[in-house]
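Participant: Using this note's numbering, the first residue of the sequence shown is number 870, and each one after it goes up by one. Here a beta-carbon is modelled for each residue, glycine too, at the ideal position from N, C-alpha and C. As the structure is a prediction and not an experimental result, all values here were calculated from the model.
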Amino acid sequence: MTTNPQITVLIDDSDLHNELRADVRGGMASHPKWMPPKWFYDKRGSALFEQITQLPDYYPTRCETEILLEHSKDIVTAAKAHTIVELGSGMSEKTRILLDAFHNHGDLRAYYPFDVSDVTVEDSLEILTQTYPHLKLGGVVGDFTRHLHHLPTGEGRLVVLLGSTIGNMLPTERAELLTNLRQELKPGEQFLLGADLVKDTQTLIAAYDDPQGVTAKFNKNLLHVLNRHFDGDFQPENFSHVVIWDDKAAVIEMRLRAQKGMRVDLSALDMELTFQAGEDLHTSVSTKFRPDALRAELDAAGFGVTHHWDDERNYYTLLLAEAI
870 MTTNPQITVL IDDSDLHNEL RADVRGGMAS HPKWMPPKWF YDKRGSALFE
920 QITQLPDYYP TRCETEILLE HSKDIVTAAK AHTIVELGSG MSEKTRILLD
970 AFHNHGDLRA YYPFDVSDVT VEDSLEILTQ TYPHLKLGGV VGDFTRHLHH
1020 LPTGEGRLVV LLGSTIGNML PTERAELLTN LRQELKPGEQ FLLGADLVKD
1070 TQTLIAAYDD PQGVTAKFNK NLLHVLNRHF DGDFQPENFS HVVIWDDKAA
1120 VIEMRLRAQK GMRVDLSALD MELTFQAGED LHTSVSTKFR PDALRAELDA
1170 AGFGVTHHWD DERNYYTLLL AEAI
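Encoded structure:
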């Protein structure tokens, strides 16, 4: 139990700014142009995403929450964890369902959120300290794709990655993450992974192209981020929100499509961008998994799936895998 959780800080605002600058220089010089989706999430972008999770057609958050509510006791029984480390934790809202279940049915002793935002980790721990005074709490401010060697230690670890965050990575990035995570875990330690599943095209497209236009605002928020950081003159209204389902790759792509030819200045980078009419800026991928393929990726990294839980429509899955 602790009233002053220790936070390990591995990344700060200047690091993030430098990383964003490198991504802009690399991504905007590529063909096609692209940017990683993590740059959606400034304060405005995070608020927009919270709105998205409440939309009628956006099923992933509701499905994952449904599974946690329905099967949290089963997860506790199967995992038998004493320490939880949550990657990309955010404010740990859904994880509190698990924490409650471990409190009631298990023997959890410690919880560590691991997130790129220092404010998010601090705010989360402030709430958790009051709600779970019996737990040892700490946190890591870092990028879990780069800083897994700083994974908090503890007895009987369960690493948690929810929100189908794994789907926002390219196949090579997923393989690297899973392999690196396995290297950090002892045999028998466990990994709880949330993943969105392949389903009908209409349902998939609707989840990312809502009639209310919230996801379009979220997508275009990337341009606001670039304007603010680099004294840019992007005009978001000159870009259309585009959603594409690639059935062969099982990927939803979000893009911003230039409605006309234009030049955009990023003055702080001394960079001028040219867009042709109809040219796409690729902003996000969201892989939808087929269960056998996802298990194969885990197997290749040295994990063995021991349990899985799905929502009643089989839209979404939680997998519990053990380090072999």
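1. Given a threshold of 16 other Cβ atoms within 10 Å of its Cβ, counted over all protein chains shown, does L956 qualify as buried or as exposed?
2. Within 10 angstroms of its Cβ, does N873 collect 16 or more other Cβ (buried), or is it exposed?
3. What does a CB cutoff of less than 6 Å around T1048 pick up in its chain, not counting 5 residues either side in sequence?
4. What are the start and end residues of each continuous alpha helix (DSSP H) run of 4 or more residues lying completely inside the stretch 1068-1152, in chain order?
5. Relative to the alpha-carbon of E1141, which residue among K1055, M897 and L1046 has its alpha-carbon at the smallest distance?
6. Taking the alpha carbon of K963 as the reference point, which residue from V1094, E939 and H1176 has its own alpha carbon closest?
7. Around the Cβ of K1089, are there at least 16 other Cβ atoms within 10 angstroms (buried) or fewer (exposed)?
8. How would you label K902, buried or exposed, when you count the other beta carbons within 10 angstroms and need 16 or more for buried?
9. In three-state terms, what does DSSP make of S1033?
10. State the beta-bridge partners of K902 as determined by DSSP.
11. Can you tell me whether F909 is helix, strand or coil according to DSSP?
12. Please classify V878: does DSSP put it in a helix, a strand, or coil?
13. Please state whether the Cβ-Cβ distance between V954 and R1026 is less than 8 Å.
Facilitator: The structure says:
1. Its Cβ being crowded by 16 or more others within 10 Å, L956 is buried.
2. Flag for N873 reads exposed.
3. Excluding residues within five positions, the ones whose Cβ falls inside 6 Å are A1170.
4. Qualifying alpha helix (DSSP H) stretches, in chain order: 1070-1077 and 1083-1099.
5. Checked all of K1055, M897 and L1046; the closest Cα to E1141 is M897.
6. Ranked by how close their Cα comes to the Cα of K963, the residues V1094, E939 and H1176 have E939 in first place.
7. Buried, because 16 or more other Cβ atoms sit within 10 Å of the Cβ of K1089.
8. By the C-beta density criterion, K902 is buried, having at least 16 other C-beta atoms within 10 angstroms.
9. Coil.
10. Answer by DSSP bridge pairing, in chain order: L1150.
11. Reduced to three states, the DSSP call for F909 is helix.
12. DSSP places V878 in strand when its eight states are reduced to three.
13. In this structure, R1026 lies closer than 8 Å to V954 by Cβ.
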